[in-house]
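Structure first, commentary second.
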Amino acid sequence: MKILMQKNRRIKNEADMLAFGRKLANILSVGDVIALTGDLGAGKTTLSRGVILALCGETDVPSPTYTLVQTYDAPAFEIWHCDLYRLERPADIYELGLLDAMEEALCLIEWPERMGGLLPEHALTLTIGFEGEGRQVSFSGSQDWMKRLEHV
Ligand SMILES: Nc1ncnc2c1ncn2[C@@H]1O[C@H](COP(=O)(O)OP(=O)(O)OP(=O)(O)O)[C@@H](O)[C@H]1O
Ligand SMILES: [Mg+2]
């Protein structure tokens with residue numbers, strides 16, 4: 001699959017990161033896998049909160065740091081919010097049930113690097129970098145993703 005990179009988007013504060021997540025939610029659906037990469041404190045959970053709030057109306061979205069997974073019910077599908085920082089081996093995602101969830105739910109995955117090669121090719125990767133007091137988000141994914149992102 002051809003991987004393309006879209007130009008970066010600057011996001012100046014936490015409120016804008018939440019707003020970006022809410023906009024991104026408009027184009028997300030079941031079977032989508034969103035890989036969120038970036039250092040500790042980059043804003044991966046904040047962005048996820050925006051998506052989950054938009055799709056479920058849920059405002060209480062704790063970081064799944066220790067549970068590894070938190071699930072939410074959107075009207076038509078489940079959302080899996082994962083933080084794999086503490087995953088010991090890539091193969092542990094089988095036990096978590098994440099392989100099935102990536103087909104049957106919408107998955108937002110922090111620290112996807114921990115999955116090694118088990119991250120599906122059709123995932124959209126959002127890389128969050130620090131820029132001054134704000135952040136910069138870059139997108140990488142298939143041409144199909146780039147088309148969908150035109151609406152975000
Ligand atoms: N665009 C932004 N500009 C400035 N600060 C931001 C932005 N987005 C999020 N933050 C702030 O960054 C901090 C860390 O955010 P968050 O917990 O979402 O990071 P994370 O990437 O999930 O970290 P971890 O790797 O520990 O899970 C929070 O205090 C949040 O308010
Ligand atoms: Mg986090």
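Taking our numbering, I'd label the letters of the sequence shown as residues 1 to 152. Glycine residues also receive a C-beta, built at the ideal position from the N, C-alpha and C atoms.
Locate the beta strand (DSSP E) running through residue i, then write down its first and last residues.
i, result
"Val61", "That residue, Val61, is in no beta strand (DSSP E); it is neither H nor E in DSSP."
"Phe77", "Careful: Phe77 lies outside any beta strand (DSSP E) and carries neither H nor E."
"Gly129", "Leu124 to Glu131"
"Glu110", "Ala105 to Glu110"
Going along the chain, which residues of its own chain have a beta-carbon closer than 7 angstroms to the beta-carbon of residue i, five neighbours each way excluded?
i, result
"Leu118", "Pro90 and Ile93"
"Arg49", "Leu18, Gly21 and Val61"
"Trp111", "Asp83, Leu84 and Tyr85"
"Thr45", "Ser63 and Glu110"
Our contact map puts residue i next to residue j with C-beta atoms below 8 angstroms; I'd like the distance itself, whole angstroms only.
i, j, result
"Ile109", "Leu84", "6 angstroms"
"Arg86", "Leu106", "No, Arg86 and Leu106 are not in contact; Cβ-Cβ is about 22 angstroms, not under 8 angstroms."
"His122", "Val30", "Their Cβ separation, rounded to whole angstroms, is 13 angstroms, which puts His122 and Val30 out of contact at 8 angstroms."
"Arg148", "Ile27", "5 angstroms"
"Leu47", "Leu40", "Not a contact, Cβ separation roughly 15 angstroms."
"Leu126", "Trp145", "No, Leu126 and Trp145 are not in contact; Cβ-Cβ is about 10 angstroms, not under 8 angstroms."
Along the chain, where does the alpha helix (DSSP H) containing residue i start, and where does it finish?
i, result
"Tyr94", "Asp92 to Leu96"
"Leu149", "Gln143 to Leu149"
Spatial neighbours of residue i within its chain, please: C-beta separation below 6 angstroms, excluding the five flanking residues on both sides.
i, result
"Gln70", "Pro64 and His81"
"Ala74", "Leu55 and Cys56"
"Tyr72", "Ile52, Cys56, Glu58 and Ile79"
"Arg9", "Val137"
Looking only at its own chain, which residues have a Cβ that is under 8 angstroms from the Cβ of residue i, when we skip the five neighbours before and after it?
i, result
"Phe77", "Ser29, Val30, Glu104, Ala105 and Leu106"
"Tyr66", "Arg86"
Could you tell me which whole alpha helix (DSSP H) segments of length 4 or greater appear in the stretch 7–62? 14–25 and 44–56
Any residue with its Cβ nearer than 5 angstroms to a heavy atom of ligand 1 should be included. What is that list in chain order? Ile11, Asn13, Glu14, Met17, Leu40, Gly41, Ala42, Gly43, Lys44, Thr45, Thr46, Gly134 and Arg135
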